[in-house]
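Every number in our numbering is 441 more than the matching position in the sequence shown, counting from 1.
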Amino acid sequence: MAEVLVYVDHVDGAVRKPTLELLTLARRIGEPVAVALGNGAGDTVATLAEHGAVKVLTHEAAEYADYLVVPKVDALQAAHEAVSPAAVLVSSSAEGKEIAARLALRLGSGIITDAVDLEAGDEGPVATQSVFAASYTTKSRVSKGTPVITVKPNSAAVEAAPAAGAVESLSVTFSEQATGTKVTGRTPRESTGRPELTEAAIVVSGGRGVNGAENFSIIEALADSLGAAVGASRAAVDAGWYPHTNQVGQTGKSVSPQLYIANGISGAIQHRAGMQTSKTIVAVNKDAEAPIFELVDFGVIGDLFDVVPQLTEEIKTRKG
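As structure tokens, this is what we get:
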């Protein structure tokens with residue numbers, strides 16, 4: 442069976458959930474070979490092997506932390522030359538898509554971004570995408586070179602599948618461009634104790650109907666009762682009610698959770714583009730004609746200030 446390269450997104454050896462999802466998808470089209478780079482790369486092996494990596498290529502060097510993107514592209518190119526894979530899978534983060542695009546250009550290969558599913562095909566992997574603001578679903582494959590595919594977080598369930606996880610040291614020669622953009626400082630993100638927005642299984646969002654920054658505490662309370670991330674529409678962010686880092690939509694972040702709860706959000710196409718691939722969508726809005734009701738699985742026509750607190754209390758009661 443052909444090997445499939447999986448780029449490992451980790452923080453000092455702690456593997457992030459989207460990488461484990463990539464391993465699940467990789468097993469559908471071949472044997473996963475993980476590529477772990479930077480500080481703590483060796484510490485990822487046990488987790489990667491537990492989730493299906495037959496081999497783990499590791500390389501630790503200061504360049505991965507000191508410079509942006511290009512050293513990682515150099516390493517993936519070296520891994521491609523060593524393995525000759527059937528495909529290269531990368532998570533659809535901002536950095537991941539830049540790495541994938543640069544790699545595809547170097548390899549002279551086609552690229553597919555923001556896939557939401559992956560399956561084996563007679564002529565190579567077939568990717569499913571949600572396109573044109575999630576109005577259509579397409580299936581496509583790369584027809585030239587090694588397919589480079591980025592996959593949205595929450596597109597597949599994490600499945601344990603113990604494999605050998607044989608460790609091999611990857612030989613990497615950095616290019617002249619590798620040191621072109623230096624990282625001059627880092628500021629740790631302030632922790633809210635909630636899941637990362639793009640990786641969360643449940644997202645609770647608020648929009649214009651929240652009517653003020655002080656009222657987002659209602660949205661946060663519901664999110665906390667569910668162990669969810671908090672999102673916001675562009676209208677709420679533009680009004681200064683919630684940080685841009687939490688914006689869901691075409692000009693914000695794209696999410697695909699198991700459950701998305703939209704509160705006081707009308708459902709403009711800009712917002713829908715960022716959340717329409719959610720598995721189950723629930724909306725609370727007092728306007729029965731709001732466009733958001735066109736795509737929901739469950740809708741509540743009512744004032745969010747009445748509905749959301751009751752929902753929060755009911756969830757707390759049921760959780761004991």
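Each residue gets a CB set at the ideal place from its N, CA and C atoms; glycine is no exception.
Quick check: what's the CA-CA separation for residue i versus residue j?
i: Pro698; j: Asp665; result: 16 Å
i: Ser525; j: Lys623; result: 30 Å
i: Asn726; j: Ile742; result: 5 Å
i: Leu638; j: Thr721; result: 16 Å
i: Ala708; j: Pro566; result: Note that residue 708 is Gly in the sequence shown, not Ala. Distance between the alpha carbons of Gly708 and Pro566 is about 34 Å.
i: Thr460; j: Ala556; result: 14 Å
i: Pro629; j: Pro684; result: 16 Å
i: Glu589; j: Asp728; result: Here residue 589 turns out to be Val, not Glu, going by the sequence shown. When rounded, the distance between both Cα atoms is 43 Å.
i: Gln717; j: Arg468; result: 27 Å
i: Ala535; j: Thr686; result: 13 Å
i: Gly626; j: Arg649; result: 35 Å
i: Thr485; j: Val497; result: 9 Å
i: Ala520; j: Ala502; result: 15 Å
i: Lys694; j: Ala714; result: 10 Å
i: Phe746; j: Glu754; result: 13 Å
i: Asn704; j: Glu564; result: 44 Å
i: Ala654; j: Lys458; result: 31 Å
Check this for me: beta carbons of residue i and residue j, under 8 Å apart or not?
i: Val511; j: Ser581; result: no
i: Val476; j: Val449; result: yes
i: Leu463; j: Val592; result: yes
i: Glu491; j: Ala601; result: yes
i: His712; j: Val689; result: yes
i: Ala499; j: Gly483; result: Rather than Ala, the amino acid found at residue 499 in this sequence is Thr. Contact flag set, yes.
i: Val474; j: Val495; result: yes
i: Ser550; j: Gly606; result: no
Would you list the one or two residues that DSSP bridges to residue i?
i: Tyr701; result: Val644 and Ile722
i: Tyr505; result: BP columns for Tyr505 are empty, so no partner.
i: Val678; result: The partner list for Val678 (beta bridge, DSSP) is empty, contrary to what the question assumes.
i: Thr499; result: Ala477 and Ser610
i: Gly740; result: Ala724
i: Ile552; result: Val589
i: Tyr448; result: Val476
i: Gly672; result: Ser646
Verify the CB distance criterion: does residue i have a CB-CB separation below 8 Å to chain C?
i: Ser534; result: Within the model displayed, chain C is absent; a lone protein chain is all it includes.
For the stretch 458-492, which segments carrying the beta strand (DSSP E) assignment without a break, of at least 3 residues, lie completely within its bounds, in sequence order? Runs found: 472-478.
May I have a chain-ordered list of the beta strand (DSSP E) segments no shorter than 3 residues that lie completely inside the stretch 556-608? At a cut-off of 3 residues, the continuous stretches assigned as beta strand (DSSP E) that sit fully inside the stretch 556-608 are 567-572, 577-581 and 589-592.
Can we say the stretch 638-652 touches the stretch 666-681, given the rule of at least three CB pairs closer than 8 Å? The way I'd put it, the stretch 638-652 does touch the stretch 666-681; three or more beta-carbon pairs between them come closer than 8 Å.
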